[in-house]
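Each number in our numbering comes from the position in the sequence shown (counting from 1) with 26 added on.
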Amino acid sequence: MWRQHKSHSFKARANIHRTWFSVTIWNVKTDNDGAWWVVQGDLPMNLYSQDKAYYFSTDEVFSFHLGIMLRLMNDDSRSAESFIEFISNGTQLSMTLKRKLFLASEKLNAAVETEEIQSVGVMCRETLIELINYVYDSDSFDGEDAYRKSDVKNRGELVIDKYLTGPENAELRKHVKNLLNGAWDYSNSITHSTSKSKYEASICLTMTVALVSSFENLLNKYFDPIAGLKCKKCGSRRLSVAKNDETSDLLIICENCRYGFLKSSK
């Protein structure tokens with residue numbers, strides 16, 4: 027059984043983004059598991075044993091907990107994996123592309139000198155070229171022979187035009203093309219500039235990751251048989267594709283009302 031009483035409540039200014047963190051420390055006594063300091067609030071919760079000689083007072087517990095949590099937060103935000111995952115929002119990037127983006131992020135974290143900042147631009151350029159090759163390896167495009175493999179803009183626009191067809195995709199088509207052109211132009215600018223800082227290089231990498239993620243989502247949207255569909259009965263988007271032995275059409279089932287309807291597989 028746990029017995030507890032509130033010991034103190036702390037509020038302190040942290041040195042990350044000048045943010046106030048409110049932390050409460052509980053003095054918890056148990057029947058069988060000893061005594062503990064339990065820390066909760068705006069930072070991740072943790073507990074520290076009072077039976078060991080490491081934490082003598084709430085002030086010491088507070089200082090120790092704040093230091094560890096801010097260290098963890100800072101380390102996580104700077105890691106290449108966290109940077110890429112945050113921007114790409116969990117899309118399943120190809121292993122080759124993800125490896126290049128991780129390398130670019132690691133270069134960015136360590137960049138100080140001009141040549142190191144330029145190398146981030148180089149890695150972004152190589153990633154964009156690899157992105158277009160990655161898409162071209164899995165399909166064919168009209169007019170592709172007219173462009174070199176390094177012609178990211180023109181080849182990329184062929185991909186966008188093929189996978190985002192029709193007037194309903196006109197706005198998205200325009201924005202993805204703008205992102206494509208901007209990411210390519212700015213990566214070249216970072217590569218050849220002697221005046222850019224790591225902040226501009228960070229923007230360049232952000233644009234590159236966003237473009238890679240956009241292309242991944244573009245392909246997912248194109249090949250997803252229920253993308254954009256709604257139930258014809260209740261309007262829900264909670265749909266799934268069921269087995270259909272009678273025709274070659276897709277049988278779509280609404281998971282909300284169980285209504286089924288057919289969609290041409292052509």
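Beta carbons: idealized from backbone N, C-alpha and C, even for Gly.
| Asked | Found |
| --- | --- |
| The alpha helix (DSSP H) spanning serine 145 covers which residue range? | 140-162 |
| Could you check how far apart the C-beta atoms of alanine 209 and leucine 154 are, in whole angstroms? I think they sit under 8 Å. | 6 Å |
| Cα separation between serine 10 and glutamate 132? | In the structure as shown, the chain begins at 27 and stops at 292. Residue 10 is therefore absent and cannot be evaluated. |
| Could you tell me the distance, in whole angstroms, from the CA atom of lysine 256 to the CA atom of serine 262? | 5 Å |
| How many whole angstroms separate the CB atoms of lysine 126 and glutamate 152, which I take to be in contact at a CB cut-off of 8 Å? | 6 Å |
| What's the C-alpha gap between aspartate 250 and leucine 206? | 23 Å |
| Using only the alpha-carbon positions, how far apart do cysteine 260 and glycine 192 sit? | 26 Å |
| Please specify which runs of the alpha helix (DSSP H), each continuous and at least 4 residues long, are wholly inside the stretch 166-222, giving them in chain order. | 178-189, 196-218 |
| Got a sec? Which residues, its chain only, sit under 8 Å from glutamate 183 by beta carbon, not counting five neighbours each side? | Lys203, Leu206 |
| For leucine 288, I'd like the list of residues in its chain whose CB is within less than 8 Å of its CB, leaving aside the five on either flank, ordered along the chain. | Asn270, Thr273, Asp275, Leu276, Leu277, Ile278 |
| From alanine 61 to isoleucine 216, what does the alpha carbon distance come to, in whole angstroms? | 56 Å |
| Pop quiz: tyrosine 74 and valine 87 are said to be a contact at Cβ under 8 Å. What is the actual Cβ separation, rounded to whole angstroms? | 6 Å |
| Indicate the three-state DSSP secondary structure (helix, strand or coil) for leucine 245 in the structure shown. | helix |
| Assign serine 213 to one of two classes, buried (16 or more other C-beta atoms within 10 Å of its C-beta) or exposed (fewer than that). | buried |
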